[in-house]
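J.: Residue numbers (the numbering used here): 264 to 571.
#1: Taking only the alpha-carbon atoms, compute the straight-line gap between residue 431 and residue 450 and give it to the nearest angstrom.
#2: Can you round the beta-carbon distance between residue 391 and residue 568 to whole angstroms, since I take them to be within the 8 Å contact cut?
#3: Any idea what DSSP makes of residue 296, helix, strand or coil?
#4: Nearest-angstrom Cα distance between residue 550 and residue 323?
#5: Using the rule of at least 16 other Cβ atoms within 10 Å of the residue's Cβ for burial, across every protein chain shown, is residue 524 buried or exposed?
#6: Where does the unbroken beta strand (DSSP E) through residue 337 begin, and where does it stop?
#7: Output the distance between the C-alpha atoms of residue 557 and residue 444, rounded to the nearest integer angstrom.
#8: Going by CA-CA distance only, name the one from 527, 561, 499 and 514 that's closest to residue 536.
#9: Compute the Euclidean distance between the alpha carbons of residue 559 and residue 512, then round it to the nearest angstrom.
#10: Please state the DSSP three-state secondary structure of residue 290.
#11: Counting pairs of Cβ atoms below 8 Å between the region 400 to 410 and the region 504 to 519, do you hit three or more?
#12: Please name the residue or residues paired with residue 431 in a DSSP beta bridge.
#13: Got a sec, what are the start and stop residues for the alpha helix (DSSP H) residue 544 sits in?
#14: Just to confirm before moving on: does the CB-CB distance between residue 368 and residue 328 stay below 8 Å?
#15: Return the Cβ separation of residue 504 and residue 287 in integer angstroms, given the expectation that the two are a contact with Cβ distance under 8 Å.
#16: By DSSP's criteria, residue 518 is part of a beta bridge. Which residues make up the other side?
#17: By DSSP's criteria, residue 511 is part of a beta bridge. Which residues make up the other side?
#18: Look up residue 404 in the DSSP assignment and say whether it is helix, strand or coil.
#19: When DSSP builds the beta bridges, which residues end up paired with residue 443?
#20: Under three-state DSSP, which class holds residue 324?
#21: Along the chain, where does the alpha helix (DSSP H) containing residue 343 start, and where does it finish?
#22: For residue 376, which three-state DSSP category applies?
#23: Kindly list the residues whose CB is nearer than 6 Å to the CB of residue 300, restricted to its own chain and excluding five residues on each side of it in sequence; keep chain order.
#24: Please go through the same chain and pick out, in chain order, the residues whose beta-carbon is closer than 6 Å to the beta-carbon of residue 465, but skip the five residues on each side of it.
#25: Out of 383, 292, 297 and 296, state which residue places its alpha-carbon closest to the alpha-carbon of residue 566.
#26: What is the DSSP secondary structure of residue 311, reduced to helix, strand or coil?
#27: How far does the beta strand (DSSP E) with residue 457 in it extend, from its first residue to its last?
#28: In whole angstroms, what is the alpha-carbon distance linking residue 486 and residue 343?
#29: Determine the DSSP secondary structure at residue 486, reduced to helix, strand or coil.
#30: Given this structure, state the Cα-to-Cα distance separating residue 518 from residue 340, to the nearest angstrom.
#31: Which of the three DSSP states, helix, strand or coil, is assigned to residue 538?
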């Protein structure tokens with residue numbers, strides 16, 4: 264199993280590190296446009312191999328896509344990160360050109376690759392890859408819901424004063440501060456609905472804190488977060504590489520599911536060796552359906568800014 268990570272910044276390097284530590288890939292290629300940067304990150308990570316007990320080979324490359332040849336999965340993290348006060352949507356003009364070029368180069372050297380898009384605005388960048396590459400929809404996946412759901416579970420565990428392993432929950436919808444739809448009514452603690460433990464007001468606060476999870480960290484850090492995004496991507500890559508058939512909320516092209524068409528947005532899917540193997544349609548309340556429609560409208564508005 265060969266995995267490529269494009270972008271050797273904080274998210275890309277964390278992603279490569281987590282993939283290597285999990286020891287399911289034979290090789291991870293890290294590519295960046297900055298001279299020597301990816302090579303340095305790869306060397307630094309390889310020097311942790313004996314300490315962290317992994318045998319995955321990590322290779323760095325300065326913009327040489329030939330080194331990515333025959334990758335099974337490629338992760339696109341390249342683009343400029345959010346700065347404090349900047350929305351994901353404001354990144355579209357710059358990042359669209361980057362993502363288009365990167366995806367074309369990856370497919371040129373790895374025609375059977377499965378692409379995971381991380382670059383923001385993520386749902387729109389995933390849609391762009393669909394519109395410009397011609398890859399089948401199951402091989403183009405946007406990472407958003409996996410991260411948002413991890414943040415949701417963190418906030419739930421915090422509110423419940425419970426270990427996070429007790430908690431399960433999911434966020435669907437767009438990967439933006441206004442587009443996320445945390446499914447509080449479906450969230451559980453060891454199969455018991457969290458509404459049995461938390462008041463409606465506390466659950467609303469959990470949902471609100473989840474939706475601004477990325478912005479909260481950007482304000483604290485001065486840039487986008489990287490540990491949780493890297494971990495979210497590594498989990499998705501592992502599910503594909505090991506054919507785990509795991510369910511993640513991911514941004515995928517919808518063709519009638521959830522009453523939506525011709526846009527990429529976060530919904531639960533099954534990930535396996537073929538990429539997205541199934542879109543899982545769950546029963547939503549009228550309020551959840553309304554929020555999902557609002558989220559889709561926001562994503563479509565951003566998509567309209569693309570120069571397709």
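Glycine is no exception: its CB is placed at the ideal position from the N, C-alpha and C atoms. Source: prediction; values computed, not measured.
T.: Checking against the coordinates, here is how it stands:
#1: 6 Å
#2: In fact, because the Cβ distance is near 10 Å, the residues do not count as touching under 8 Å.
#3: coil
#4: 47 Å
#5: exposed
#6: Where residue 337 is concerned, the enclosing beta strand (DSSP E) stretches over 336 to 339.
#7: 10 Å
#8: 499
#9: A direct Cα-to-Cα measurement between residue 559 and residue 512 gives close to 15 Å.
#10: Assignment of residue 290 by DSSP, reduced to helix, strand and coil, places it in the strand class.
#11: yes
#12: 451
#13: Per DSSP, residue 544 belongs to no alpha helix (DSSP H) and is neither H nor E.
#14: yes
#15: 5 Å
#16: 524
#17: 532
#18: strand
#19: 436
#20: strand
#21: Per DSSP, residue 343 belongs to no alpha helix (DSSP H) and is neither H nor E.
#22: coil
#23: Close CB contacts of residue 300 within its chain, under the 6 Å cut and outside five residues either way in sequence, are with 271 (chain order).
#24: 422
#25: 383
#26: coil
#27: Residue 457 -> no beta strand (DSSP E), and no H or E assigned at all.
#28: 10 Å
#29: coil
#30: Between the alpha carbons of residue 518 and residue 340 lies a gap of roughly 26 Å.
#31: strand
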